[in-house]
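Shown next, in structure tokens, is the structure this report addresses.
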Amino acid sequence: MSARHRNGYTLPLVLVALLAAGVGTAYYLAQSGNSEESGDGDAILHTAARSDFRLTVTERGEIESSGVTEIRSEVKTKNTTGMAILRVVPEGTVVEAGDFLVELDSSALAEELTTQQIAVNTTEALVVEARNLYETALISKQEYLEGTFLQERQTIESEVFVAEENLNRAKEYYEYSKRLAAKGYVNELQLEADKFAVEKSQKELDAAKTKLMVLEQFTKAKTLKQLESDIAIAKAKWESEKKSHQLEADKLEELQDQISKCLIKAPRAGIVTYAHEFDHRGGSEFVVQEGAVVRERQAIIRLPDPSSMRVQVTINESLVQYVKPGMPAKIVPVGLDLRLEGRVDNVNQYAEPGGWRKANVKEYKAFVSIVDPNDQLRSGMTASTTIVCASVPDALQVPVQAVYAHGSDYYCFVRDDKGWRAAKVTTGPTNDKFFVIESGLNEGDRVAMNPKRYLADVSLPPLSKQPAGQRRGPGGQGPGGQGPGGPPPTGTSEDARGEAAGQSTLERSPSANDDRSTQTSPAPAQQES
Numbered sequence: 436m437s438a439r440h441r442n443g444y445t446l447p448l449v450l451v452a453l454l455a456a457g458v459g460t461a462y463y464l465a466q467s468g469n470s471e472e473s474g475d476g477d478a479i480l481h482t483a484a485r486s487d488f489r490l491t492v493t494e495r496g497e498i499e500s501s502g503v504t505e506i507r508s509e510v511k512t513k514n515t516t517g518m519a520i521l522r523v524v525p526e527g528t529v530v531e532a533g534d535f536l537v538e539l540d541s542s543a544l545a546e547e548l549t550t551q552q553i554a555v556n557t558t559e560a561l562v563v564e565a566r567n568l569y570e571t572a573l574i575s576k577q578e579y580l581e582g583t584f585l586q587e588r589q590t591i592e593s594e595v596f597v598a599e600e601n602l603n604r605a606k607e608y609y610e611y612s613k614r615l616a617a618k619g620y621v622n623e624l625q626l627e628a629d630k631f632a633v634e635k636s637q638k639e640l641d642a643a644k645t646k647l648m649v650l651e652q653f654t655k656a657k658t659l660k661q662l663e664s665d666i667a668i669a670k671a672k673w674e675s676e677k678k679s680h681q682l683e684a685d686k687l688e689e690l691q692d693q694i695s696k697c698l699i700k701a702p703r704a705g706i707v708t709y710a711h712e713f714d715h716r717g718g719s720e721f722v723v724q725e726g727a728v729v730r731e732r733q734a735i736i737r738l739p740d741p742s743s744m745r746v747q748v749t750i751n752e753s754l755v756q757y758v759k760p761g762m763p764a765k766i767v768p769v770g771l772d773l774r775l776e777g778r779v780d781n782v783n784q785y786a787e788p789g790g791w792r793k794a795n796v797k798e799y800k801a802f803v804s805i806v807d808p809n810d811q812l813r814s815g816m817t818a819s820t821t822i823v824c825a826s827v828p829d830a831l832q833v834p835v836q837a838v839y840a841h842g843s844d845y846y847c848f849v850r851d852d853k854g855w856r857a858a859k860v861t862t863g864p865t866n867d868k869f870f871v872i873e874s875g876l877n878e879g880d881r882v883a884m885n886p887k888r889y890l891a892d893v894s895l896p897p898l899s900k901q902p903a904g905q906r907r908g909p910g911g912q913g914p915g916g917q918g919p920g921g922p923p924p925t926g927t928s929e930d931a932r933g934e935a936a937g938q939s940t941l942e943r944s945p946s947a948n949d950d951r952s953t954q955t956s957p958a959p960a961q962q963e964s
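Here the sequence shown stands for residues 436 to 964, numbered as in the working numbering.
Set out below in structure tokens:
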């Protein structure tokens, strides 16, 4: 290859190398902020400066209405998978109360209604028949007590009366025959015949009285029992037929109600939003359209209340500890030139079920209400939501790498004209890149970014025998420093600081000397080995 060609390739390569070096230098300077190199070998110093500190969590979420009215199918599906949609109002339509929304196919219900009407008429006829039998049984009892029984008793009493009269006459005739026989006018055979007539009349009288006793004491009671049994049976059958008829009538009424529910109207004013359903992989499981089959109690349409809008976001488990109800938020809808104010309403206590792609990622759902909703907002829009978890104006700050954990205390190694000294500090909130220093440092102090290298140059108090688990974290809120002071000091590895970042961001407001914002997850301070 000629020298000309070689020079033609070499010049672009040199330019690329110089450009890469320039970009790398700019990136390092941007990340270093107020840091500087000293003359002490590898010493990297940072000047403590004041600026507004903010700990924020930024997530994208979906705008929805907290006052959503869900329109569900109230048609029962007994032996079918659901009801088909015949007509549906277009999505985005503004409706008023009573306006048409959805019509479901009611043809199968109409056929069932005809069959049920026949069943109702049949059971109604059976009710009439059973009622007549019951009333007949009541009349039969009254007929026996006030008619048949009295008639039979009077007949038997007449028989008793006749038998008594016959007995009296037979006795008189027998006495007369005995007087005649004593005078020899009647023979012995005639006298025996008259005596037999007396005995016969007596037996006929006894039989009549027994018959009357049987009627009054046994036949009447037995007949009444039978008649009362007939009444009870007739009444029970009548009640049964009435209940059967009521059941069939209720089914008829239910079918009529179900048919009426196939025509769905708006319960209140709102903007129509289809209630599509999607699986965990993003595929559609149910799309609202003509012909789609709707299950019982399945949502078809949502009518959001535009005056009560909110953003639903999911927060990574590494950041959810910082988000609390009542925290302010900034909301920026995608595609709209709007900056809205928000407030955290609720953070779920339990993680959302993750799909197969996020089996090891735990995320928690949070709801941020929009304080000043705009008419341009629509349910389903995407919005970037920045939750302000902590805010300290004009706070003295140093990088987290400059904070050194010694026992339960925290120090910054300060470089001054006399050399190195260990300054005990009280830390405040952290946003992973910077700690707020509440006391122990002054603005302008230069602190070491790699304090472990200067342990031999500073004087630290001897360590107590306090268990490591009882040491207070940089935030000063108990073991590990959880709370406003951030996470516990667990090491200085950059990997450890970045592995819990998730998809959320924590940022620091830039100071006058630090034209940048940090976007990462909480990181620990350096800890004594």
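Backbone N, C-alpha and C fix where the C-beta goes; we use that ideal spot for every residue, glycine too.
>> Could you check whether the stretch 718-736 touches the stretch 521-528, counting it as contact only if at least three pairs of C-beta atoms, one from each stretch, sit closer than 8 Å?
In response: yes
> How big is the Cα-Cα spacing for residue 745 and residue 817?
Replying inline: 11 Å
> Does the stretch 649-658 touch the stretch 587-606, meaning 3 or more C-beta pairs lie closer than 8 Å?
Replying inline: yes
>> So, for residue 785: in the same chain, excluding its five sequence neighbours on each side, which residues have a beta-carbon less than 8 Å away from its beta-carbon?
In response: 799
> With DSSP run on the structure shown, which of helix, strand or coil describes residue 683?
Replying inline: helix
> Who are the near neighbours of residue 758 in its chain, counting only those whose CB is closer than 7 Å to its CB and skipping five residues on each side?
Replying inline: 492, 750, 779, 782, 801, 822, 824
> From this set, 755, 753, 805, which residue's C-alpha is nearest residue 776's C-alpha?
Replying inline: 805
>> Please report the straight-line C-alpha distance between residue 490 and residue 712, rounded to a whole angstrom.
In response: 36 Å
> Enumerated in chain order, which unbroken segments of the beta strand (DSSP E) with a length of 3 residues or greater are wholly contained in the stretch 534-595?
Replying inline: 535-539
> Leaving out five residues before and five after residue 880 in sequence, what residues of the same chain have Cβ atoms less than 6 Å from its Cβ?
Replying inline: 483, 849
> Per DSSP, what kind of secondary structure is residue 698 in: helix, strand or coil?
Replying inline: strand
> Where does residue 556 land, buried or exposed, given buried means 16+ other C-beta within 10 angstroms?
Replying inline: exposed
>> Using a 10 Å radius around the Cβ and a threshold of 16 neighbouring Cβ atoms, would you call residue 611 buried or exposed?
In response: exposed
>> Please return the same chain residues whose Cβ sits closer than 6 Å to the Cβ of residue 693, not counting the five positions on each side in sequence.
In response: 510, 544
> So who's on the other strand from residue 845, going by DSSP bridges?
Replying inline: 840, 860
>> At the level of alpha carbons, what is the spacing between residue 722 and residue 494?
In response: 28 Å
>> I'd like to check one pair, residue 859 with residue 875: are the Cβ atoms closer than 7 Å?
In response: yes
> Could you give the C-beta distance for residue 687 and residue 551, rounded to a whole number, given that I count them as a contact under 8 Å?
Replying inline: 5 Å
> Mind checking residue 810: buried by the 16 CB within 10 Å criterion, or exposed?
Replying inline: exposed
>> Alpha carbons only, please: which of 573, 540, 513 is nearest the one belonging to residue 664?
In response: 573
>> Taking DSSP's pairing of strands, which residues face residue 490 in a bridge?
In response: 825
> Exposed or buried, what is residue 596 when buried is set at 16 or more other beta-carbons lying within 10 Å of its beta-carbon?
Replying inline: exposed
> Does the beta-carbon distance from residue 886 to residue 845 come in below 7 Å?
Replying inline: no
> Rounded to whole angstroms, how far is the Cβ of residue 639 from the Cβ of residue 598, which I believe are closer than 8 Å?
Replying inline: 4 Å
> Excluding five sequence neighbours on each side, which residues of the same chain lie with their C-beta closer than 8 Å to the C-beta of residue 871?
Replying inline: 488, 827, 830, 831, 832, 862, 863, 864, 865
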